[in-house]
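Here the structure comes first, spelled out in structure tokens, and everything after it is commentary.
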Amino acid sequence: MKARIVTLPGDGVGPEVTAAAVAVLQAVAAHFDHEFAFEEHLIGGCAIDATGSPLPDASLKACQQADAVLLGAVGGPKWSDPQAPVRPEQGLLALRAALGVYANLRPLNVHPALAALSPLKEDKLRHVDVLFVRELTGGAYFGAKTRTPDTATDECKYTVAEVERVTRRAFELARERRRHVTSVDKANVLETSRLWRSTVQRIAAEYPDVKLEHQLVDSMAMLLLTQPGYYDVVVTENLFGDILTDEAAAIAGSLGLLPSASLGEGSRGLYEPIHGSAPDIAGKGVANPTGAILSAAMLLRHSLGLEDEAAHVEAAVAQVLEHGPHTRDIGGHAGTTDIRHAVIAALDEHVANAEAFFCGARACG
Ligand SMILES: NC(=O)C1=CN([C@@H]2O[C@H](COP(=O)(O)OP(=O)(O)OC[C@H]3O[C@@H](n4cnc5c(N)ncnc54)[C@H](O)[C@@H]3O)[C@@H](O)[C@H]2O)C=CC1
Ligand SMILES: CC(C)CC(=O)C(=O)O
Ligand SMILES: [Mg+2]
């Protein structure tokens, strides 16, 4: 198949991990006879430096015309002055809004080979398989902001329609999994959470085969650590989802491991690792590209409908997590490009094995 993929490497480790994900997609294209056309554009701090805008028109237009967008990360100390008139993160928020990608899927799985790296005891890590569905285009990140010398406000607003669509997405996804949705809110205090809870409750009636539970976000932060294996699909608003998924990444062993897919109504999606620009390790060639590579696998699955190819990439990543090499964040000494080469070698092996299997089954030459 032919696909047009826009890459937005961004800042810090963004370009390093995106290069690894692109190399894996190129290897997939070569193996399966696909034509992926990559087009790189600016976003974030580097875009501010080059154009004055964190999301230049050319970048947005290219994303709107693409089949999928692969993003690295934005931000860094250079652009973090609280007085700065414009910030890299505004570019990412504007892109998410413009693409209408309201459902941010962030899967958490714990690879057994990394269990010792988790801050949790091994018995807590069995059967951990959680899919966070984070609302991505509403809430406090998008509300009106005010500022005087001694007061600041960030409006947190949700409409019923915004909650309905992400809730339906979560329930549909739960039907492909273990049919258990946990909705996380702060309904004991926040009006937006009360609207959230009553809307989720009403939509849940359309899915009588899926179990729904509500959990307040503060206790959820605790329960995620004490019983992570209990959860299936967790649906929550933008800010809570942002925070809980960094916690989830720690359970898996590193923030560098978790991928994400941001989806709207069509097949076009925005794919990015959940971590930020990691300024403390940027430019050293040591960033873990696993979250970015697994985001590329999600891109193959959700935007291009290439399930087999996605599964091959995930199997290759699992093999590298099991046998190494490993980057520093997960106890190894390898660099970003070592992981990229190892994943591509594992991919080559998996594809060759699959071909041998099918050939054997068909008794072809
Ligand atoms: N989607 C995005 O573009 C995001 C951007 N940011 C931005 O990133 C900048 C730094 O934010 P932080 O709070 O430090 O979060 P961060 O996610 O960049 O880093 C937190 C810690 O995790 C480590 N880490 C992150 N990714 C890693 C990887 N792939 N491999 C190995 N270690 C990794 C970092 O070295 C650091 O110690 C800020 O400007 C922030 O706004 C933060 C989160 C998301
Ligand atoms: C706008 C981003 C910097 C928010 C974030 O941390 C994330 O989406 O994970
Ligand atoms: Mg975050």
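Positions 1 to 365 (UniProt numbering) are the ones given, in order, by the sequence shown.
Just so it is clear, CB atoms sit at the ideal spot from N, CA and C, and this is done for glycine as well.
Residue interval of the beta strand (DSSP E) (run including residue i)
i       : result
Gly-72  : 68–73
Val-184 : 180–185
Gly-10  : 2–10
Lys-157 : Element bounds for Lys-157: n/a, residue is neither H nor E.
Asp-129 : 129–135
Thr-146 : 145–148
Ser-262 : 261–263
Phe-38  : 35–40
Gln-215 : 211–216
Given residue i as reference, the closest of the options once Cα atoms are compared
i           : options                            : result
Leu-263     : Gln-90, Gly-44, Val-101, Ala-66    : Val-101
Ala-261     : Val-17, Ile-243, Ser-295           : Ser-295
Thr-18      : Gln-64, Val-69, Glu-35, His-31     : Val-69
Glu-247     : Val-189, Leu-120, Glu-135, Met-298 : Leu-120
Gly-45      : Asp-81, Ala-66, Leu-125            : Asp-81
residue 373 : Asn-109, Gln-319, Glu-309          : Nothing can be reported for residue 373: it is not among the residues displayed for the chain, which extend from 1 to 365.
Ala-37      : Gln-64, Ala-3, Leu-190, His-31     : Ala-3
Leu-270     : Leu-190, Ala-311, Pro-259          : Pro-259
Lys-78      : Asp-308, Ala-356, Ser-277          : Ser-277
Val-235     : Gly-266, Thr-167, Glu-265, Leu-92  : Thr-167
Glu-191     : Glu-307, Ala-204, Arg-202, Thr-159 : Thr-159
Bounding residues of the alpha helix (DSSP H) (the contiguous stretch that carries residue i)
i       : result
Glu-172 : 160–175
Gln-65  : 57–65
Thr-51  : 45–51
Thr-199 : 191–204
Gly-276 : Note, Gly-276: premise wrong, no alpha helix (DSSP H); not H, not E.
Asn-238 : 238–252
For residue j and residue i, believed in contact at Cβ under 8 angstroms, the rounded distance
i       : j       : result
Val-22  : Thr-7   : 6 angstroms
Ser-118 : Gly-324 : Incorrect: roughly 18 angstroms between the Cβ atoms, too far for contact.
Ala-140 : Asn-238 : 7 angstroms
Leu-255 : Leu-114 : Actually they do not touch by this definition, with Cβ atoms about 13 angstroms apart.
Thr-199 : Glu-164 : 6 angstroms
His-31  : Val-351 : 5 angstroms
Arg-126 : Asn-104 : Not quite, the Cβ-Cβ distance comes to about 26 angstroms (not below 8 angstroms), so this is no contact.
Gly-10  : Ile-43  : 5 angstroms
Proximal residues to residue i (C-beta, below 6 angstroms), its chain only, five neighbours per side dropped
i       : result
Gly-228 : As written in the sequence, residue 228 is Pro, which differs from the Gly given in the question. For Pro-228, where only same-chain residues beyond five positions count, the Cβ hits under 6 angstroms are Val-128, Ile-251.
Thr-245 : Arg-106, Phe-132, Ile-274
Asp-185 : Ser-193, Trp-196, Arg-197
Thr-137 : Arg-96, Ala-97, Tyr-102
Gln-215 : Thr-182, Val-184
Leu-304 : Ala-3
Glu-310 : The sequence given here places Ala at residue 310; Glu does not occur at that position. Answer for Ala-310: Ala-297, Leu-300, Arg-301, listed in chain order.
Lys-157 : Gly-143
Same chain, Cβ closer than 8 angstroms to residue i, five either side skipped, listed in chain order
i       : result
Ala-20  : Pro-289, Ala-292, Ile-293, Thr-336, Thr-337, Ile-339, Arg-340, Val-343
Ser-219 : none
Leu-60  : Ala-94, Leu-95, Ala-98
Glu-122 : Ala-115, Ala-116
Ala-152 : Lys-145, Thr-146
Val-313 : Val-24, Val-28, Ile-293, Leu-294, Ala-296, Ala-297, Leu-300, Val-343, Leu-347
Arg-179 : Asp-209, Val-210, Lys-211, Asp-232
Cβ neighbours of residue i in the same chain (closer than 7 angstroms, five flanking residues each side left out)
i       : result
Arg-328 : Val-286
His-41  : Val-6, Leu-8, Ala-58, Ser-59, Ala-62
| task | Report yes or no: do three or more beta-carbon pairs, one from the region 191–210 and one from the region 157–174, lie closer than 8 angstroms? | result | yes
| said: When you compare the region 224–242 with the region 125–135, are there three or more beta-carbon pairs, one atom per stretch, that lie closer than 8 angstroms? | reply: Proximity of the region 224–242 to the region 125–135 meets the contact definition, three or more beta-carbon pairs being nearer than 8 angstroms.
| field | Contact the region 331–350 vs the region 286–293: 3+ CB pairs below 8 angstroms | value | Flag = yes, the region 331–350 and the region 286–293 touch.
| query | Should the region 41–61 be regarded as contacting the region 79–95, the criterion being three or more beta carbon pairs within less than 8 angstroms? | reply | Enough Cβ pairs lie closer than 8 angstroms, so yes.
| Is the number of C-beta pairs between the region 64–84 and the region 9–16 that are closer than 8 angstroms three or more? | The region 64–84, when compared against the region 9–16, does touch it at the 8 angstroms Cβ threshold.
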